[in-house]
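Down below is the structure, laid out as structure tokens.
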Amino acid sequence: MKTLRPEPGATVAHTEFTRDGSRALVSVWGDDGAVIVFDAATLQEIRRLPMRKPSGEYNVFN
Numbered sequence: 004m005k006t007l008r009p010e011p012g013a014t015v016a017h018t019e020f021t022r023d024g025s026r027a028l029v030s031v032w033g034d035d036g037a038v039i040v041f042d043a044a045t046l047q048e049i050r051r052l053p054m055r056k057p058s059g060e061y062n063v064f065n
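Position one of the sequence shown corresponds to residue 4 (the working numbering), numbered consecutively onward.
Okay, structure coming up:
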């Protein structure tokens with residue numbers, strides 16, 4: 004089992020998966036927060052989208 008810690012010390016608001024389950028979308032909540040896209044199989048960061056206190060539904064298929 005692996006543990007995903009996207010930003011030590013930060014608040015992770017929620018995690019969603021893409022429709023096919025290949026990516027995990029993680030919301031790091033804070034003034035200098037981000038939505039981080041991870042490969043769901045390897046847990047490697049693919050992309051970081053900086054934003055202030057991101058929250059919401061990111062998977063449009065939910």
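Note that the Cβ used here is the ideal one computed from N, Cα and C, for glycine as well.
Values in this document were obtained by computation on a predicted structure and should not be read as measured data.
In this structure serine 58 is exposed. Its beta-carbon is surrounded by fewer than 16 other beta-carbon atoms within 10 angstroms. Annotation: the continuous beta strand (DSSP E) that includes proline 53 extends over 48-53. The C-beta of glycine 36 has 16 or more other C-beta atoms within 10 Å across all chains shown, which makes the residue buried.
For serine 30, the enclosing beta strand (DSSP E) starts and ends at 26-32.
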